[in-house]
Amino acid sequence: MKKIFILFAAVMCAVSCFKGTYSEFSANVGSNFEFQGDADYKKDSVYFKTDFFSGNYLIYRGARTEASGSDPVEFKGGFAVSMKRDSSLNLSASPFSMFVSNATCDRMHSQTCAIFLDSPEKPERQFEFELSSIGTCSPIYCLVNNTQLVASYILSDDSPCKFGEGDYLKLTVTGYLNGKKTGEKEWYLADFRSPADSVTTTWKMMSLSKLGNVDSMDFSLESSREELPRYFCLDNLLTSIYVRQQ
Numbered sequence: 255m256k257k258i259f260i261l262f263a264a265v266m267c268a269v270s271c272f273k274g275t276y277s278e279f280s281a282n283v284g285s286n287f288e289f290q291g292d293a294d295y296k297k298d299s300v301y302f303k304t305d306f307f308s309g310n311y312l313i314y315r316g317a318r319t320e321a322s323g324s325d326p327v328e329f330k331g332g333f334a335v336s337m338k339r340d341s342s343l344n345l346s347a348s349p350f351s352m353f354v355s356n357a358t359c360d361r362m363h364s365q366t367c368a369i370f371l372d373s374p375e376k377p378e379r380q381f382e383f384e385l386s387s388i389g390t391c392s393p394i395y396c397l398v399n400n401t402q403l404v405a406s407y408i409l410s411d412d413s414p415c416k417f418g419e420g421d422y423l424k425l426t427v428t429g430y431l432n433g434k435k436t437g438e439k440e441w442y443l444a445d446f447r448s449p450a451d452s453v454t455t456t457w458k459m460m461s462l463s464k465l466g467n468v469d470s471m472d473f474s475l476e477s478s479r480e481e482l483p484r485y486f487c488l489d490n491l492l493t494s495i496y497v498r499q500q
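Below, the structure is given as structure tokens:
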């Protein structure tokens, strides 16, 4: 079980002022993507739900179909949670498996993570701050990695889209506040545009501080190869929040 990844910078306090008493607090809040209690949405080490919390007041959104008869829940885009892991190259791998060895854990990561699918069916915003009407939320950083399936498509000799010179897979995180864009951050999960080819196959820290204060975020993937599955892994997204309530 992962340790709760919430670091409090200040505790709740009551303050008197001319307009009365209010409470406020500020904290650094992290998302550890533990499995939730809804067994109906968990299947084969993967947790699917339309909306779920990870970290106080942080909502992650995904799209899914309803189970009907013998038809299972089908994931359509956005975020799900998985504890699947493997470091082998396998074009038949589960799309919900992170590219991490089963035998060892990265020092910055443990058992579970969020798996993101970029698709036309994904929710418009895949991250929201629940208390945006009475507070602020400033992303600090997150950890990112490729899934086993995506790494296999990029690196396997028998892949239908093995990467070559000029190919890339780019993640873009865009922040929004009151419907307006606050900033964006790009990260190349694979970059073959220069002689030093690179593929992210271990957890890497991606700074999100340039997004500023946000009430929501959008995640998107862009690649030079249309055949490439559009998945990536996310973990330990850390935010600084401030809330003031009458």
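Residue numbers (the working numbering): 255 to 500.
We put the beta carbon where it would ideally sit given N, CA and C, even for glycine.
Q | Contacting residues, own chain, Cβ-Cβ under 6 Å from Y496 (five flanking each side not counted) | A | By 1-based counting over the sequence shown, the position of residue 496 is 242. S280, G389, T390.
Q.
Just to check my reading of the structure: K454 and N490 have Cβ atoms closer than 8 Å, yes? What is that Cβ distance to the nearest angstrom?
A. Walking along the sequence shown from the start, residue 454 turns up at place 200. Walking along the sequence shown from the start, residue 490 turns up at place 236. Checking the displayed sequence, the identity of residue 454 turns out to be Thr instead of Lys. Not really, about 15 Å apart at Cβ, beyond 8 Å.
Q | Closest residue to K330 among S463, L462, E378 (Cα-Cα distance) | A | Numbered from 1 along the sequence shown, position 76 holds the residue referred to as residue 330. Here the closest residue by C-alpha is E378.
**Q.** Bounding residues of the beta strand (DSSP E) (the contiguous stretch that carries Y407)
**A.** The count along the sequence shown starts at 1 and reaches residue 407 at position 153. Not the beta strand (DSSP E): Y407 falls in the alpha helix (DSSP H), residues 402 to 409.
Q.
Alpha carbons only, please: which of I394, E382, G437 is nearest the one belonging to S461?
A. Here the question's residue 461 lines up with position 207 in the sequence shown. Here the closest residue by C-alpha is I394.
Q: Please list, in chain order, all residues of the same chain as C415 whose beta carbon is under 7 Å from its beta carbon, the five residues on each side excluded.
A: Working through the sequence shown from its first residue, we reach residue 415 at position 161. Excluding sequence neighbours, C415 sits near Y407, R479, E481, L482.
Q | Range of the contiguous beta strand (DSSP E) that encloses F381 | A | The sequence position of residue 381 within the sequence shown is 127, counting from 1. Segment 381 to 383, the beta strand (DSSP E) holding F381.
Q) Buried or exposed: T304, going by 16 or more other Cβ atoms within 10 Å of its Cβ? A) Taking the first residue of the sequence shown as 1, we reach residue 304 at position 50. It is exposed - the Cβ of T304 has fewer than 16 other Cβ atoms within 10 Å.
Q: Report back the beta-carbon spacing between C367 and L475 to the nearest angstrom; my notes put them in contact at under 8 Å.
A: Counting from 1 along the sequence shown, the entry for residue 367 is found at position 113. Counting from 1 along the sequence shown, the entry for residue 475 is found at position 221. At roughly 16 Å, the Cβ-Cβ gap does not stay under 8 Å, so C367 and L475 are not in contact.
Q | From P349, G466, F370, G437, residue whose alpha carbon lies closest to that of F333 | A | As a position in the sequence shown, residue 333 is number 79, starting the count at 1. Of the listed residues, the one whose Cα sits closest to F333 is F370.
Q | C-beta atoms of E288 and R498 nearer than 8 Å | A | Here residue 288 is taken as the residue at index 34 of the sequence shown, counted from 1. Here residue 498 is taken as the residue at index 244 of the sequence shown, counted from 1. Result no, Cβ atoms of E288 and R498 do not sit closer than 8 Å.
Q) Should A357 go down as buried or exposed, given a rule of 16 or more other Cβ atoms within 10 Å for buried? A) Here residue 357 corresponds to residue number 103 of the sequence shown, with the count starting at 1. Here the model assigns A357 a pLDDT of 48, short of 50, so the residue's position is not dependable and the matter cannot be decided.
(Q) Between Y276, D411, F302, which has its C-alpha nearest L343's C-alpha? (A) Taking the sequence shown and counting its residues from 1, one reaches residue 343 at position 89. Taking only the C-alpha atoms, the option nearest L343 is D411.
Q | Residues near Y276 in its chain [Cβ-Cβ closer than 7 Å; skip 5 each side] | A | The residue given as residue 276 occupies position 22 in the sequence shown. So the list reads V269, R498, Q499, Q500, once near-sequence residues are dropped.
Q.
Please return the same chain residues whose Cβ sits closer than 6 Å to the Cβ of E384, not counting the five positions on each side in sequence.
A. Residue 384 sits at position 130 when you count from the first residue of the sequence shown. Correct list, in chain order: Y311, I313.
Q) Exposed or buried, which one is T493 when buried takes at least 16 other CB atoms within 10 Å? A) The residue you call residue 493 lines up with position 239 of the sequence shown. The residue in question, T493, is buried, as its Cβ has 16 or more Cβ neighbours within 10 Å.
**Q.** Same chain only: Cβ atoms within 6 Å of T436, ignoring 5 sequence neighbours per side
**A.** As a working note, residue 436 is residue 182 in the sequence shown. Only G429, L465, G466, V468 meet the Cβ criterion.
Q) Can you tell me whether K434 is buried or exposed, with buried defined as 16 or more other CB within 10 angstroms of its CB? A) For the purposes of this step, residue 434 is taken as the residue at position 180 of the sequence shown. By the 10 Å Cβ count, K434 comes out exposed.
Q. Where K297 and V283 are concerned, what is the direct C-alpha to C-alpha distance, given to the nearest angstrom?
A. Your numbering for residue 297 matches position 43 in the sequence shown. Your numbering for residue 283 matches position 29 in the sequence shown. Each residue's alpha carbon lies about 28 Å from the other.
Q. Hey, F486 and V427: beta-carbon distance below 8 Å or not?
A. The residue given as residue 486 occupies position 232 in the sequence shown. The residue given as residue 427 occupies position 173 in the sequence shown. Going by C-beta atoms, F486 is not nearer than 8 Å to V427.
(Q) My assumption, with CB atoms under 8 Å, is that D336 sits in contact with S351. Please give the rounded CB distance. (A) Locating residue 336 in the sequence shown gives position 82, where the first residue counts as 1. Locating residue 351 in the sequence shown gives position 97, where the first residue counts as 1. The question names Asp, but residue 336 in the sequence shown is Ser. Between S351 and S336 the Cβ distance is about 7 Å, and since that is below 8 Å, they are a contact.
Q.
Rounding to the nearest angstrom, what Cα-Cα distance links M471 and S413 in this structure?
A. In the sequence shown, the residue the question calls residue 471 occupies position 217. In the sequence shown, the residue the question calls residue 413 occupies position 159. So the alpha carbons of these two residues sit roughly 32 Å apart.
**Q.** Outcome for N432 when other beta-carbon atoms lying within 10 angstroms are tallied against a minimum of 16
**A.** For this step, residue 432 is matched to residue 178 along the sequence shown. Label assigned to N432: exposed.
Q. When burial is assigned at 16 or more other CB atoms within 10 Å of the CB, is G309 buried or exposed?
A. Sequence index remark: in the sequence shown, residue 309 carries index 55 (1-based). Its Cβ being crowded by 16 or more others within 10 Å, G309 is buried.
Q: Let me know the secondary structure DSSP gives D342 once reduced to three states.
A: Position 88 of the sequence shown holds residue 342. Per the sequence presented here, residue 342 reads as Ser, with Asp not at that position. In this structure, S342 counts as coil in the three-state DSSP scheme.
Q: Can you give me the Cβ contacts of V354 inside the same chain, cut-off strictly under 6 Å, excluding the 5 residues immediately before and after it?
A: Numbered from its first residue, the sequence shown carries residue 354 at position 100. Only R339 meet the Cβ criterion.
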